[in-house]
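A.B. asks: Just so we're aligned, residue 40 is where the sequence shown starts under our numbering, counting upward by one. Take this structure, written in structure tokens, and hold onto it; I'll ask about it next.
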Amino acid sequence: MRLSLDATVWFVNFFSFAYNKNIKAISFINEDWTQLNIEGIAAWQDSRLQNNPQVAKAWFKETSKDRYLKQSEALFEQLGYQK
Numbered sequence: 040m041r042l043s044l045d046a047t048v049w050f051v052n053f054f055s056f057a058y059n060k061n062i063k064a065i066s067f068i069n070e071d072w073t074q075l076n077i078e079g080i081a082a083w084q085d086s087r088l089q090n091n092p093q094v095a096k097a098w099f100k101e102t103s104k105d106r107y108l109k110q111s112e113a114l115f116e117q118l119g120y121q122k
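Structure below.
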């Protein structure tokens, strides 16, 4: 699998930051920002993963690693919260 240079640079920078800061959870908003009329985001683009199978594959390959917390019924307990 080969990503475009832009996608590769984005992934390297984004996940390097996550690793360096020991970030365990990441939230990604899968949205076509060009379709929203929100002031201040005119330069934002379409970030939907399904539009680029290579980017989606790379995203899910990375975020499926054990180092990241996953959404689950037990997540709050994993974080130390009690019911």
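Yeah, the Cβ is synthetic: ideal placement off N, Cα and C, and Gly gets one too. None of the values given here were measured: they were computed from a predicted structure.
Going by other Cβ atoms of all chains shown within 10 Å of its Cβ, with 16 needed for buried, is tryptophan 83 buried or exposed?
C.D. replies: Exposed, because fewer than 16 other Cβ atoms sit within 10 Å of the Cβ of tryptophan 83.
A.B. asks: To the nearest angstrom, how far is it from the Cα of alanine 95 to the Cα of glycine 119?
C.D. replies: Between alanine 95 and glycine 119, the C-alpha separation is close to 31 Å.
A.B. asks: I'd like the span of the alpha helix (DSSP H) that includes leucine 88, first residue to last.
C.D. replies: Per DSSP, leucine 88 belongs to no alpha helix (DSSP H) and is neither H nor E.
A.B. asks: Using beta-carbon positions only, say whether serine 69 and leucine 88 come within less than 8 Å of one another.
C.D. replies: Residue identity differs from the one stated: residue 69 is asparagine in this sequence, not serine. Cβ distance < 8 Å, so asparagine 69 and leucine 88 count as in contact.
A.B. asks: Can you tell me which of Glu101, Asp85, Lys100 puts its alpha carbon nearest to the alpha carbon of threonine 73?
C.D. replies: Minimum Cα distance to threonine 73 is reached at Asp85.
A.B. asks: Can you tell me where the alpha helix (DSSP H) holding threonine 47 begins and where it ends?
C.D. replies: Threonine 47 -> alpha helix (DSSP H) spans 44-59.
A.B. asks: So the alpha helix (DSSP H) glutamate 116 belongs to, where does it begin and stop?
C.D. replies: Its alpha helix (DSSP H) spans residues 114-117.
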